[in-house]
Every structure is written in C-alpha cells, then in structure tokens.
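Chains as they are written, first to last, in our numbering: chain Y, 1 to 166; chain W, 1001 to 1303.
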Ligand SMILES: Cc1cc2nc3c(=O)[nH]c(=O)nc-3n(C[C@H](O)[C@H](O)[C@H](O)COP(=O)(O)OP(=O)(O)OC[C@H]3O[C@@H](n4cnc5c(N)ncnc54)[C@H](O)[C@@H]3O)c2cc1C
Ligand code: FES
Ligand code: FES
C-alpha cells in the first residue's frame, strides 16, 4: 500500500506541499499538519457544521472530505478571513458585537457558511438565513443572535458594496 | 462509536476518465469502492461498516458532472452532478420543478455542495429522497462497466436496503429524464425530525398529469421513501386516481391504498404504525400539492 501521497493545498492564499496518507480528512490535515485549529472537530458526521471550511468559495464539511481530494483547490479557513488582526471581517465584528458568540466553538463554521451564503445572496430574508445555517449547531446562544448578526453584516456589506459601486 | 475515530486505511486511486474507472473496478473486483461526495460512504467507513482496500475517487471526473438537454425534450444528468447543482440549475427548475424542490430540501448547504445524485441512488438508503422523486418522473439509469453499458428504469434499480443492480465492476454514469408532458407537475413531501438535517422518516412523491380541461387526473405516479425495503411505487393508489376528478374522496381512497401497499418497518426513528399514519397524510398532501402545481400556469400566474 502506498501510504503517503504528495498533495499541494492552497490554504488562506498560502501554498503547502504535504505528504499525507489518503485516509486523512481535510479537517485532520488542517488541524494537525497545518495547526489551523479554527475548524473544529465534533460530530464527524456532517451534522454539526463546526468543521465547515470553504473550498473554492463554497462551504463543505471538512470532516467528510479527504485532504487528497482538495488538491489544487482554494481553501479558506476562519484564520484567513480577517484582513489583519485589527481589521475584522464584517461578519466577525457583527458576531462579536451582537452576542452571537459565547463559547465560540460553532463560530468559525457559522461565519464561513454565512460568508459563502451572502456572496450568493447579499440581500437575504431572515428565513433564507435560517435555511443557510441549518447545518450548524450552537449549544450556547439560542440562534437568534446568530441570525441577527448575519442580517446586520449583510446590511453593512451591501451598504459598502453600493458605496464602492458609486 | 469513538468520536475521535479516524478512517480505516485504504489505497487511493483517482482515474481521470470513465473508461479508466471501469478498468480500475475490473482490476480489483470486490476490493474497490467508488467515492463520490462521501456524505454517506465516509460515515460508513468511519463506523467500520465498510473498509475497502481501494477507494476510487470520482470528484475529479468532470466527464460525469453535467446537466444536458436532449433533443427529445428530456434531460440527462451525470452521476457526479451535485445536489446543489441540481437545485440551482435553471433547466431543471424549468422542466422538473419536482426534482429542483426535492434537491433544495435535502441536508444542509454543506451536504448539498458535496452530495451527488449518483451517490444518492447507488447508496440505496431507504430514506434517500431522490429515488421516489425520480421514479415518479420516469427516470432511467445508465450503468457502465468494461463489459459495456446498460440502461434501465430506476424502478428496477433497487433490490433492497443498500442493495442495487450495480455490480462490483459497474459505475452509474447518468440519469435520463423523459420530456415533461404539459399540464403535469409533482410534489415530494417528507417528514423528519430536525429540519432538513435528519434522515427522512417517511417521504411521498406524487407526479400528476391533468386532462385538457384540468378537471381529471390523466396520469398519476406515486412513490414512497422509507416505506418498504426499496423505494416503492404505489400502483394501486395510482390506478385509483387515473381518470378521476379531483375530489377529497378520491384522494382519501388513494392514500388508503398507498398504506396497504407499503410495508414500513419499526425502527428507533418511528414505529410501523406511525409510519403508516405518515404515509396516509403525506400521500394526501403530495397529491393535493401536485394537483395544484399542475393546474397552475407554468409561469406561476405572474404577469
Ligand atoms: C448530515 C446529512 C444530511 C443528509 N440529508 C439527506 C437528505 O435530506 N436526503 C437524502 O436523500 N440524503 C441525505 N443525506 C445522505 C447523503 O448526503 C446522500 O445520500 C448523498 O446524495 C450521497 O451522495 P454522495 O455523493 O455523498 O455519495 P457517497 O457517499 O460518495 O457514495 C454513496 C454510495 O454510492 C456509491 N457510489 C457513489 N457514486 C457512484 C457511482 N457513480 N456509481 C456507482 N456507485 C456509486 C458509493 O460507492 C457508496 O456506496 C444526508 C447525509 C448527511 C451526512
Ligand atoms: S464535525 Fe464535521 S459536521 Fe460535525
Ligand atoms: S457559541 Fe458555544 S456553541 Fe455556539
């Protein structure tokens, strides 16, 4: 059996050349090989969304995705979202300011899922937001603050977009 | 199940073409497993329900990721087309609203991004949502191996829970849908615990074609999920409606017949009795919704 395969990943814009066994999930490789522990491990069954990362701008459960299959794809984790430590992404700011974070375990997955969703639907209704984050469990906040934070960020981002457009 | 469990070891192959996949399957008979979106198979491997020696990864097979209109007015969907792609395809929305709506109600956006139509059929879980919808649409499936190709009605594809006619050296390549007839539409109605994220406890798909006057059922197809070892056509229920006017009595009768045809089992998810109740009410709902959709003008009556 060939145990190690060469894999080139692009994570948060950085190239990584790795030798990894094919049975390693993208979640394991991000956390254990690259020390990017923002994506969390929980159910490992696609149920909770704590492991969500973006591949080519779309959300996937990295617990169900083989790292070798992410070859040459553009991966975004929560570590790559903010432009700098000082300038948070509007979603990050809205989550922090509106009480959408308590323990924070669900937050990276939720924010990335919300980011991908708002790219497709910059003006969502509350109901559309609920459907967009249906794959995420939060044991702390009770969800209301999360929906509000995404709505607030959507408004802010749409406002900015309009200004830039002018 | 230990929650830190890693996947069992395997050797990974990523053939670049359908022909190369068939060659790989033929080379390792019974030892290789196809990996599409992995939203079923990765779970099964983690639970050690399967531990294949070889995994043949299909994600790179763009050859099988397509939605193609056919000259006869039908549409062919490649096996590696994701649920997300089906949900957002204008062609599918226009010709097969039933399939589009069924896709939109499956799992989460994350699951739909990875899950494929081929995996949903080939996995043959009794709770899968595409089989009943596709059966009522009259879908056919194409299989390919080194020996050649076969095309068969989806109804004949399922043999039992997680069992299909797909042999160890077969690959599902595409799903073919016939041209939709005018004055027809359908509805898939399902019951599950947590919105969209839980396996379907019971699901019913109804697809109806109306007569010219929009008063009677000209043709009816009804198929059930999680109601028998395989997706099940409720043929007696269909026959009871054919040629009938739309009345509550006719719908009630069809639902009662569907219950008689179903053979649901008790599981931790639901008892047999609960499932029978569900089949009755979901069948009624599916027929009513299908009727309303088929009757409405295709543009939804908007100016
Ligand atoms: C959280 C969660 C929610 C879900 N919700 C739903 C839901 O609402 N409705 C629903 O129907 N399902 C649901 N599922 C189940 C699953 O996502 C679907 O069945 C999905 O369509 C499977 O496709 P896949 O590409 O991921 O298949 P895989 O897991 O890759 O494969 C499934 C099986 O099919 C075989 N296979 C795959 N492709 C082929 C091919 N081309 N030819 C031959 N064999 C093949 C594989 O070898 C394997 O045995 C859910 C799963 C999870 C984890
Ligand atoms: S850990 Fe991946 S969905 Fe829960
Ligand atoms: S903030 Fe704790 S799980 Fe969501």
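Every residue, glycine too, gets a C-beta built ideally from N, C-alpha and C.
Assuming residue i contacts residue j under a Cβ cut-off of 8 Å, what Cβ separation, rounded to an integer in Å, is found between them?
{"i": "residue 1221 (chain W)", "j": "residue 1238 (chain W)", "result": "6 Å"}
{"i": "residue 1104 (chain W)", "j": "residue 1080 (chain W)", "result": "That pair is no contact at about 19 Å."}
{"i": "residue 1171 (chain W)", "j": "residue 1019 (chain W)", "result": "In fact, because the Cβ distance is near 10 Å, the residues do not count as touching under 8 Å."}
{"i": "residue 1093 (chain W)", "j": "residue 1060 (chain W)", "result": "With 8 Å as the limit, residue 1093 (chain W) and residue 1060 (chain W) do not qualify as a contact, their Cβ atoms being about 27 Å apart."}
{"i": "residue 1191 (chain W)", "j": "residue 23 (chain Y)", "result": "36 Å between Cβ atoms; not a contact."}
{"i": "residue 1058 (chain W)", "j": "residue 1032 (chain W)", "result": "Not quite, the Cβ-Cβ distance comes to about 12 Å (not below 8 Å), so this is no contact."}
{"i": "residue 1258 (chain W)", "j": "residue 1234 (chain W)", "result": "4 Å"}
{"i": "residue 1040 (chain W)", "j": "residue 1123 (chain W)", "result": "5 Å"}
{"i": "residue 1077 (chain W)", "j": "residue 1175 (chain W)", "result": "5 Å"}
{"i": "residue 40 (chain Y)", "j": "residue 108 (chain Y)", "result": "7 Å"}
If distances are taken between C-alpha atoms only, which option among the options comes closest to residue i?
{"i": "residue 1069 (chain W)", "options": "W:1091, W:1244 and W:1048", "result": "W:1091"}
{"i": "residue 1138 (chain W)", "options": "W:1057, W:1083 and W:1208", "result": "W:1208"}
{"i": "residue 1242 (chain W)", "options": "W:1007, W:1053, W:1121 and W:1254", "result": "W:1254"}
{"i": "residue 50 (chain Y)", "options": "Y:17, Y:77, Y:127 and Y:153", "result": "Y:77"}
{"i": "residue 1005 (chain W)", "options": "W:1234, W:1153, W:1012 and W:1042", "result": "W:1042"}
{"i": "residue 1173 (chain W)", "options": "W:1191, W:1062, W:1240 and W:1135", "result": "W:1062"}
{"i": "residue 106 (chain Y)", "options": "Y:154, Y:37 and Y:160", "result": "Y:37"}
{"i": "residue 1205 (chain W)", "options": "W:1169, W:1147 and W:1100", "result": "W:1100"}
{"i": "residue 1152 (chain W)", "options": "W:1177, W:1160, W:1146 and W:1168", "result": "W:1177"}
{"i": "residue 1284 (chain W)", "options": "W:1273, W:1233 and W:1252", "result": "W:1252"}
{"i": "residue 1216 (chain W)", "options": "W:1230, W:1039 and W:1292", "result": "W:1292"}
{"i": "residue 66 (chain Y)", "options": "W:1045, W:1025, W:1084 and W:1182", "result": "W:1045"}
{"i": "residue 1095 (chain W)", "options": "W:1034, W:1038, W:1271 and W:1067", "result": "W:1067"}
{"i": "residue 1106 (chain W)", "options": "Y:94, Y:132 and Y:116", "result": "Y:132"}
{"i": "residue 25 (chain Y)", "options": "W:1038, W:1014, W:1023 and W:1025", "result": "W:1038"}
{"i": "residue 96 (chain Y)", "options": "Y:152, Y:124 and Y:27", "result": "Y:152"}
{"i": "residue 135 (chain Y)", "options": "Y:18, Y:47 and Y:28", "result": "Y:47"}
{"i": "residue 111 (chain Y)", "options": "Y:122, Y:103, Y:125 and Y:94", "result": "Y:94"}
{"i": "residue 1281 (chain W)", "options": "W:1202, W:1271 and W:1142", "result": "W:1202"}
{"i": "residue 1276 (chain W)", "options": "W:1296, W:1247, W:1078 and W:1227", "result": "W:1227"}
{"i": "residue 1055 (chain W)", "options": "W:1077, W:1025 and W:1286", "result": "W:1025"}
{"i": "residue 1156 (chain W)", "options": "W:1147, W:1143 and W:1148", "result": "W:1143"}
{"i": "residue 1147 (chain W)", "options": "W:1027, W:1246, W:1289 and W:1247", "result": "W:1027"}
For residue i, which beta-bridge partners are listed by DSSP?
{"i": "residue 115 (chain Y)", "result": "Answer by DSSP bridge pairing: none, since residue 115 (chain Y) is not bridged."}
{"i": "residue 1033 (chain W)", "result": "W:1055"}
{"i": "residue 1245 (chain W)", "result": "W:1216"}
{"i": "residue 1148 (chain W)", "result": "W:1145"}
{"i": "residue 65 (chain Y)", "result": "The partner list for residue 65 (chain Y) (beta bridge, DSSP) is empty, contrary to what the question assumes."}
{"i": "residue 1235 (chain W)", "result": "Paired residues: none, contrary to the question."}
{"i": "residue 1193 (chain W)", "result": "DSSP output for residue 1193 (chain W) lists no bridge partner at all."}
{"i": "residue 1207 (chain W)", "result": "W:1186 and W:1221"}
{"i": "residue 1158 (chain W)", "result": "W:1164"}
{"i": "residue 1292 (chain W)", "result": "Looking at the DSSP assignment, residue 1292 (chain W) forms no beta bridge with any residue, so it has no partner."}
{"i": "residue 15 (chain Y)", "result": "Y:10"}
{"i": "residue 1069 (chain W)", "result": "W:1075"}
Tell whether a beta-carbon distance below 8 Å holds between residue i and residue j.
{"i": "residue 3 (chain Y)", "j": "residue 21 (chain Y)", "result": "yes"}
{"i": "residue 156 (chain Y)", "j": "residue 98 (chain Y)", "result": "no"}
{"i": "residue 58 (chain Y)", "j": "residue 1113 (chain W)", "result": "yes"}
{"i": "residue 1169 (chain W)", "j": "residue 1008 (chain W)", "result": "no"}
{"i": "residue 1182 (chain W)", "j": "residue 1154 (chain W)", "result": "no"}
{"i": "residue 150 (chain Y)", "j": "residue 138 (chain Y)", "result": "no"}
{"i": "residue 34 (chain Y)", "j": "residue 62 (chain Y)", "result": "no"}
{"i": "residue 1212 (chain W)", "j": "residue 1236 (chain W)", "result": "no"}
{"i": "residue 1098 (chain W)", "j": "residue 1133 (chain W)", "result": "yes"}
{"i": "residue 1126 (chain W)", "j": "residue 1229 (chain W)", "result": "yes"}
{"i": "residue 1218 (chain W)", "j": "residue 1224 (chain W)", "result": "no"}
{"i": "residue 118 (chain Y)", "j": "residue 154 (chain Y)", "result": "yes"}
{"i": "residue 113 (chain Y)", "j": "residue 141 (chain Y)", "result": "no"}
{"i": "residue 1128 (chain W)", "j": "residue 1083 (chain W)", "result": "no"}
{"i": "residue 1231 (chain W)", "j": "residue 1111 (chain W)", "result": "no"}
Practice task
Inspect the CB distances between the segment 4-24 of chain Y and the segment 59-75 of chain Y and report whether three or more fall short of 8 Å.
Solution key: yes
Practice task
Would you be able to state if there are at least three C-beta pairs under 8 Å between the segment 9-28 of chain Y and the segment 1067-1078 of chain W?
Solution key: no
Exercise for the section: Give the residues from the segment 18-44 of chain Y that approach chain B closer than 9 Å (Cβ to any Cβ), ordered along the chain. Expected result: Judged by its chain identifiers, the structure shown contains no chain B, and its protein chains are Y and W.
Practice task
Would you be able to state if there are at least three C-beta pairs under 8 Å between the segment 1178-1186 of chain W and the segment 1036-1051 of chain W?
Solution key: A contact between stretches requires three or more CB pairs, one per stretch, nearer than 8 Å, and the segment 1036-1051 of chain W fails this requirement with the segment 1178-1186 of chain W.
Practice task
Specify whether the segment 1251-1269 of chain W and the segment 1156-1164 of chain W touch according to this definition: at least 3 beta carbon pairs, one from each stretch, less than 8 Å apart.
Solution key: no
Handout entry: At least 3 beta-carbon pairs within less than 8 Å: the segment 41-61 of chain Y vs the segment 83-95 of chain Y
Key = no
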